[in-house]
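Engineer: Have a look at the structure that comes next, please.
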Amino acid sequence: MRIASIMTKRVVTVQMDDTLRSINAIFCSAKFNHLLVLEDGELVGIISDRDLLKATSPFLGTAAERPQDASRWERKAHQIMTRDLITTHPHASIKDAVELLLRNSISCLPVLTEEGHVEGIVTWKDLIRTYMGLQGEATLECCNCGTIL
Numbered sequence: 001m002r003i004a005s006i007m008t009k010r011v012v013t014v015q016m017d018d019t020l021r022s023i024n025a026i027f028c029s030a031k032f033n034h035l036l037v038l039e040d041g042e043l044v045g046i047i048s049d050r051d052l053l054k055a056t057s058p059f060l061g062t063a064a065e066r067p068q069d070a071s072r073w074e075r076k077a078h079q080i081m082t083r084d085l086i087t088t089h090p091h092a093s094i095k096d097a098v099e100l101l102l103r104n105s106i107s108c109l110p111v112l113t114e115e116g117h118v119e120g121i122v123t124w125k126d127l128i129r130t131y132m133g134l135q136g137e138a139t140l141e142c143c144n145c146g147t148i149l
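For the record, in the sequence shown the residue sitting at position 97 is 97 according to UniProt numbering, with numbers rising by one throughout.
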């Protein structure tokens, strides 16, 4: 089985100078955990929801919020993104993708064409969902919102 058959083709991208405020709004409105960062149409980084969490203050929106906490929202994507990307291609095997994720302790792989254009993304959830399907197991639904996990 190949990555092309399980990858998510709908990816959301941001630009290098997008603010953390706008990135947070994207994460809040969508049900995914990774944003790809593009510059002139080329993939240059990735931001996970965990990256955003680490870059913001736990005091935001609380009575303890300080001016310096709120100013963190104005930081830019390029200031928190991961630059050393590990990617895969649509024709890679699922086994190869699993090995890359485990060897590098990462949670997703951007999927690029031979020309380097973003074609999709594959996450550990995609791989587990595929494994469950191959085992004949039913898919799991989130108990809170019914989202297929």
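Where is the CB? At the ideal position from N, CA and C, for every residue including glycine.
Since we're looking at a predicted model, the values are computed, not measured.
Does DSSP put GLU119 in a helix, in a strand, or in coil?
Structural biologist: Reduced to three states, the DSSP call for GLU119 is strand.
Engineer: Using a 10 Å radius around the Cβ and a threshold of 16 neighbouring Cβ atoms, would you call LEU52 buried or exposed?
Structural biologist: Flag for LEU52 reads buried.
Engineer: Opposite HIS78 in the DSSP bridges: which residues?
Structural biologist: Partner(s): none; HIS78 has no beta bridge.
Engineer: I need the straight-line Cα distance from VAL37 to GLY136, nearest angstrom please.
Structural biologist: Whole-angstrom Cα-Cα distance: 36 Å.
Engineer: Where does HIS91 sit, in a helix, a strand or coil, going by DSSP?
Structural biologist: In this structure, HIS91 counts as coil in the three-state DSSP scheme.
Engineer: Which partner residues does VAL14 have in the DSSP bridge list?
Structural biologist: Looking at the DSSP assignment, VAL14 forms a beta bridge with VAL37.
Engineer: For GLU42, which residues from the same chain have a beta carbon less than 8 Å from its beta carbon, with the 5 sequence-adjacent residues on both sides left out?
Structural biologist: Closer than 8 Å at the Cβ level, and outside the excluded window around GLU42, lie GLY116.
Engineer: Check whether the segment 55-65 touches the segment 97-107, taking contact to mean three or more Cβ pairs, one atom from each stretch, closer than 8 Å.
Structural biologist: No: fewer than three Cβ pairs fall under 8 Å.
Engineer: Taking HIS89 and LEU112 to be in contact with their CB atoms under 8 Å, please state how far apart those CB atoms are, rounded to whole angstroms.
Structural biologist: 6 Å between Cβ atoms; contact.
Engineer: Alpha carbon to alpha carbon, how far is ASP96 from GLN68?
Structural biologist: Answer to the nearest angstrom: the Cα atoms are 44 Å apart.
Engineer: Tell me the DSSP secondary structure of PRO110 in three-state form.
Structural biologist: DSSP places PRO110 in strand when its eight states are reduced to three.
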